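As structure tokens, the structure follows; a few thoughts come after it.
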Amino acid sequence: MSALVLLLLRGQQPVRTIGVAASAGAVAALLLLAVAVLRLPSQVEEHLFPLLSEPGLRPGYVLSLVLLTAPVLLLLYQLLRLGTTARMRRLAVLRVAGATPVQVRLLSALELVVPALLGAAVLGPAAYAVLRALFGGTPAGSGVEGEAFPSGAGDGFVPVTVTPGAVDVLAVVAVTTLACGLIGWLVSRDVVVSAHPVSRRASPRRPRPWPMLLIVAAFALTVPLLANTLAVVVGIGVAALGLLLSGPWIALRAGRRAAERADGAEELLAGSRAVADPWAAGRAVAPIAVVGLVGAGSGALLLDLIAYGNFYGFYIISLGLVAIALLVVLTFVVFALATHGVETLSEHRRSTASLVADGASLEVLHRSLVAEARLLARPAATLGLLVGTAAMVVVTAPSGDGDLSLLALLGTGVLVLVVLLLLIEVAARTASRLVRPWLVAAASPDGLRTE
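So in my numbering, spot 398 of the sequence shown is number 1680, and the numbers just go up one at a time.
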């Protein structure tokens, strides 16, 4: 088995191997930072930002770090789907030799385990060390003058007095490696590998709205326990998970609606592609829903700052950190949308060339890519924003501010939605520009050839 895995690794493209290792390293670094924060004592002995120095605020910081791993893993999934057919041809040789489909899919997962293990064990701790050196706190009594940050609150975002232990590092490496292996298994789940030939099929299952029950469960868990910070954090995490898992269903519904009400070729092509493979489309835009969820909370906090004039450094820096995190997630979404576009063009190369041969212009096909990204991202962001706004209404209800508070929250939600729609438009156009070289290649007459 190990010899076969090494043989498959030798056949992988270097970019694929590097992508797996880099993704695993990024996930491991985020998890190591989360573990370090959890190991902090109640009374810290270093100058840290209040999100870390205050025990009651740490669960939210840890949740943010964990949520940041989601777009990385989803982008990895999208990248691994590229070139699946060519990779399955290599695995088909094993089917000829007598391997079962389960064994072939296991090998497909194991060939990702090696680069993932190297990335998690080497790049992850290295990236964590860099973060610790750049953004680490200042230990108490280290000669810092002035004690500008009382009660352990300061400018550090990474603890330096505590570090993940050997067991913690091994656990993080194991979890990251297993996650990448599971992604490799899922990538091959919908592939039928036979000796002659290798064919690929989409899963016959259609996405269902059942993940939205997690959102309902999050509200049911949180509302009776608003005074419990941990319960609120867990509720937010469950709601975010529900939004992430609802991505394919959102893509299916949006695609059907666009295809039924299309008034042009661009909308019809975009909707048809989303309906044809809603799972891949939903995974590409799922993080946008979480961006909407977090954006609603950030907008509510900004509203509170403006209403009460609480322009303290803690709140401003916290909002800045959230904005940076959201921009990072949006960057990953851009690449995920681009990867989804490349995958779609690769799998439908002949049909794309046929459309051009029948008279469709490249500009129409290019605009259809923009329309697809737009129609997928807008409903996801809107749903996330609605969930986030509803959560803020529930949280602020006990304060007794009345209808004015509700109207203010709704108005803030509308403003945040406008900003999100503008960012989505930029992301959709950027992703389509990245995909354009593959579109030109797919539209060439060579795409009409059959193997």
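Every residue gets a Cβ at the ideal spot worked out from N, C-alpha and C, and that includes glycine. These numbers were taken from a predicted model, which means no experiment stands behind them.
- request: Over the uninterrupted alpha helix (DSSP H) stretch that includes residue 1579, give me the two end residues.
  value: The residue you call residue 1579 lines up with position 297 of the sequence shown. From DSSP, the alpha helix (DSSP H) with residue 1579 extends over 1560–1590.
- Message: Quick check on residue 1489: buried or exposed, where buried means 16 or more other Cβ atoms within 10 Å of its Cβ?
- Response: Along the sequence shown, one-based indexing puts residue 1489 at 207. Residue 1489 is buried by the Cβ-count criterion.
Given a threshold of 16 other Cβ atoms within 10 Å of its Cβ, counted over all protein chains shown, does residue 1537 qualify as buried or as exposed?
-> Reading the sequence shown from its first residue, position 255 is the one you call residue 1537. Buried.
Point to revise | Other residues of its chain near residue 1309: CB distance less than 6 Å, five sequence neighbours each side excluded | key: Mapped onto the sequence shown, residue 1309 falls at position 27. Around residue 1309: 1351, 1354 and 1458.
Quiz item: Between the Cα of residue 1820 and the Cα atoms of 1661, 1660, 1393 and 1568, which residue gives the shortest distance?
Solution: In the structure displayed, the chain extends from 1283 to 1733; residue 1820 sits before or after that span and is not available.
Within its chain, find whatever has a CB closer than 6 Å to the CB of residue 1710; leave out the 5 residues flanking it on each side and keep chain order. Residue mapping note: residue 1710 aligns to position 428 of the sequence shown, counting from 1. Here the set comprises 1652, 1655 and 1656.
Can at least three beta-carbon pairs, one atom from the region 1578–1594 and one from the region 1632–1651, be found at a separation below 8 Å?
no
_At least 3 beta-carbon pairs within less than 8 Å: the region 1504–1519 vs the region 1546–1553_ = no
- [ ] Let me know the secondary structure DSSP gives residue 1420 once reduced to three states.
- [x] Here residue 1420 corresponds to residue number 138 of the sequence shown, with the count starting at 1. In this structure, residue 1420 counts as strand in the three-state DSSP scheme.
Through-space distance from residue 1391 to residue 1409, alpha-carbon basis
The sequence position of residue 1409 within the sequence shown is 127, counting from 1. The sequence position of residue 1391 within the sequence shown is 109, counting from 1. Spanning the two alpha carbons is a distance of roughly 25 Å.
Could you check which residue in 1340, 1716, 1563 and 1452 has the C-alpha nearest to that of residue 1325? Locating residue 1325 in the sequence shown gives position 43, where the first residue counts as 1. Per the Cα distances, 1340.
When the Cα atoms are used, what is the spatial distance from residue 1524 to residue 1571? Indexing the sequence shown from 1 puts residue 1524 at position 242. Indexing the sequence shown from 1 puts residue 1571 at position 289. Approximately 10 Å, taken between the alpha carbons.
Alpha carbon of residue 1541 to alpha carbon of residue 1629, nearest angstrom = If you number the sequence shown from 1, residue 1541 lands on position 259. If you number the sequence shown from 1, residue 1629 lands on position 347. If you take the alpha carbons of residue 1541 and residue 1629, they lie about 20 Å apart.
Problem set entry | Backbone CA spacing between residue 1704 and residue 1613 [nearest angstrom] | Residue mapping note: residue 1704 aligns to position 422 of the sequence shown, counting from 1. Residue mapping note: residue 1613 aligns to position 331 of the sequence shown, counting from 1. Whole-angstrom Cα-Cα distance: 14 Å.
- prompt: Since residue 1450 contacts residue 1317 with CB under 8 Å, what's their CB separation in whole angstroms?
  reply: Translated into positions along the sequence shown, residue 1450 becomes position 168. Translated into positions along the sequence shown, residue 1317 becomes position 35. Their Cβ separation, rounded to whole angstroms, is 5 Å, which keeps residue 1450 and residue 1317 in contact under 8 Å.
| request: Assess, as a yes-or-no matter, whether the region 1551–1561 is touched by the region 1685–1701 under the definition of 3 or more beta carbon pairs within less than 8 Å. | output: no
Problem - Nearest-angstrom Cα separation, counted from residue 1363 out to residue 1692 - result: The residue given as residue 1692 occupies position 410 in the sequence shown. The residue given as residue 1363 occupies position 81 in the sequence shown. In a straight line, the C-alpha of residue 1692 is about 40 Å away from that of residue 1363.
Practice task
Could you please give the first and the last residue of the uninterrupted alpha helix (DSSP H) stretch that includes residue 1546?
Solution key: Residue 1546 sits at position 264 when you count from the first residue of the sequence shown. Unbroken run through residue 1546: none, as it is neither H nor E.
Query raised in the report: So, residue 1393 versus residue 1301, is the Cβ gap smaller than 8 Å?
Result: Along the sequence shown, read from residue 1 onward, the residue named residue 1393 stands at position 111. Along the sequence shown, read from residue 1 onward, the residue named residue 1301 stands at position 19. Against a cut-off of 8 Å, the Cβ pair of residue 1301 and residue 1393 comes out as no contact.
*Along the chain, which unbroken stretches of the alpha helix (DSSP H) at least 4 residues long are found entirely within the region 1289–1373?*
1296–1320, 1332–1335 and 1340–1363
Same chain only: Cβ atoms within 7 Å of residue 1555, ignoring 5 sequence neighbours per side: Here residue 1555 is taken as the residue at index 273 of the sequence shown, counted from 1. The answer, listed in chain order, is 1626 and 1654.
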